[in-house]
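Chemist: Taken in order, the sequence shown gives residues 1312 to 1528; the numbers are from the numbering used here. Each residue gets a CB set at the ideal place from its N, CA and C atoms; glycine is no exception. These numbers were taken from a predicted model, which means no experiment stands behind them.
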Amino acid sequence: MIKSWQQKLEMKIKTYLTGQSACHDFYHLDRVRDNAMTIEKEIDCDKEILEAAALLHDIGYKGHEGDDKNHHLYGMEVAKKWLPEVGFPNKKIPEVIEAIRLHDNFAWGHNGEKTDHIVTKIIQDADRIDALGAIGIARITYYHGEVGLPIYSDEELPDEKIVWADHSLLDQIRREPMKKWQYLNFPISKKISKKRSEFVEVFYNELKQELESYHKK
Ligand SMILES: [Fe+2]
Ligand SMILES: [Fe+2]
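#1: Closer than 5 Å is what we want: which residues have a beta carbon that near any heavy atom of ligand 2? List them in chain order.
#2: I'd like to confirm something about H1339: is its beta-carbon nearer than 7 Å to some heavy atom of ligand 1, or not?
#3: If we call anything under 8 Å between Cβ atoms a contact, is Y1327 one with K1373?
#4: Given that a residue counts as buried once 16 or more other Cβ atoms are within 10 Å of its Cβ, and exposed if not, what is V1458?
#5: To the nearest whole angstrom, what separates the beta carbons of G1371 and L1384, a pair I think is in contact under 8 Å?
#6: In this structure, how does DSSP classify Q1318 when only helix, strand and coil are distinguished?
#7: Using the rule of at least 16 other Cβ atoms within 10 Å of the residue's Cβ for burial, across every protein chain shown, is K1527 buried or exposed?
#8: Just the C-alpha distance for D1415 and Q1435, rounded to the nearest angstrom, thanks.
#9: In or out: L1484 buried (at least 16 other Cβ within 10 Å) or exposed?
#10: Say yes only if the C-beta of D1415 is nearer than 7 Å to one or more non-hydrogen atoms of ligand 1, and no if none qualify.
#11: In chain order, which continuous runs of the alpha helix (DSSP H) of length 4 or greater are located wholly inside the stretch 1399-1454?
#12: Enumerate in chain order the residues of its own chain whose CB-to-CB distance from H1339 is below 7 Å, with the five nearest sequence positions on each side excluded.
#13: Near W1419, which residues of its chain fall below 8 Å by C-beta distance, leaving aside the five closest residues on each side in sequence?
#14: Is the beta carbon of I1429 sitting closer than 8 Å to the one on C1334?
#15: I need the DSSP call for I1313, collapsed to helix, strand or coil.
#16: Taking 8 Å as the limit between beta carbons, can you name the residues of its chain near E1362, skipping five residues before and five after?
Structure below.
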């Protein structure tokens, strides 16, 4: 049976990401694809470009641990190589690459480059939704454990001084998931993730209260 480009790409990704950190493994890419397809029901765009971009947006983490800020650059190279190999339409490849390049560049993110590219904006929202809710808490907690960061620190930093994942889990939850919801690009994205955003706030307040009952004298 002839396989579709989606099936071929999935197989490649699953094999390539064997043993990859749970924060950016195949399941993350799969969930982001799912979120993207839900958003796409209200925001029209090319579904093939969207699906490929969702599946490949974080592929660049693999093999470049410790250089998280440049994972989009490594991912672009993987996409350029793999998409022709799986039979993805050639003329659509540049738009997939563009979405990978900009997926983390929302206004408050790494460098703040804005975009009007619809696929990119959907990927940004779909990705941020996976950082919300119980899944988001699980991912950020896992990440903090992996890189050896504390749950709590006596030294609380103002938001502008906290760089991605350089401080306590508590500070990071306040700075990242709690803020992500308000910066989503589309109303539909906010609608489908409202409950997740509220859960993060409840979790954060509870965690803060419990921790401070011990450590803040
Ligand atoms: Fe990313
Ligand atoms: Fe992601």
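Modeler: Reading from the atomic positions:
#1: D1369 and D1438
#2: H1339: no, Cβ never under 7 Å from ligand 1.
#3: yes
#4: Counting Cβ neighbours within 10 Å, V1458 comes out exposed, since fewer than 16 surround it.
#5: That pair is a contact at about 7 Å.
#6: helix
#7: Residue burial is scored here from C-beta neighbours: K1527 has fewer than 16 other C-beta atoms within 10 angstroms and is therefore classed as exposed.
#8: 7 Å
#9: One point to set straight first is that residue 1484 is Ile, not Leu, in the sequence displayed. So I1484 ends up on the buried side.
#10: At least one heavy atom of ligand 1 sits closer than 7 Å to the Cβ of D1415.
#11: Listed in chain order, they are 1404-1413 and 1429-1440.
#12: D1369 and D1441
#13: Unreliable placement is indicated for W1419, whose pLDDT of 49 sits below 50; the coordinate value is still reported in the next sentence. So the list reads K1490 and Y1494, once near-sequence residues are dropped.
#14: No, the Cβ-Cβ distance between I1429 and C1334 is not below 8 Å.
#15: Residue state, collapsed to three classes: coil.
#16: Q1317, R1344, A1347 and M1348
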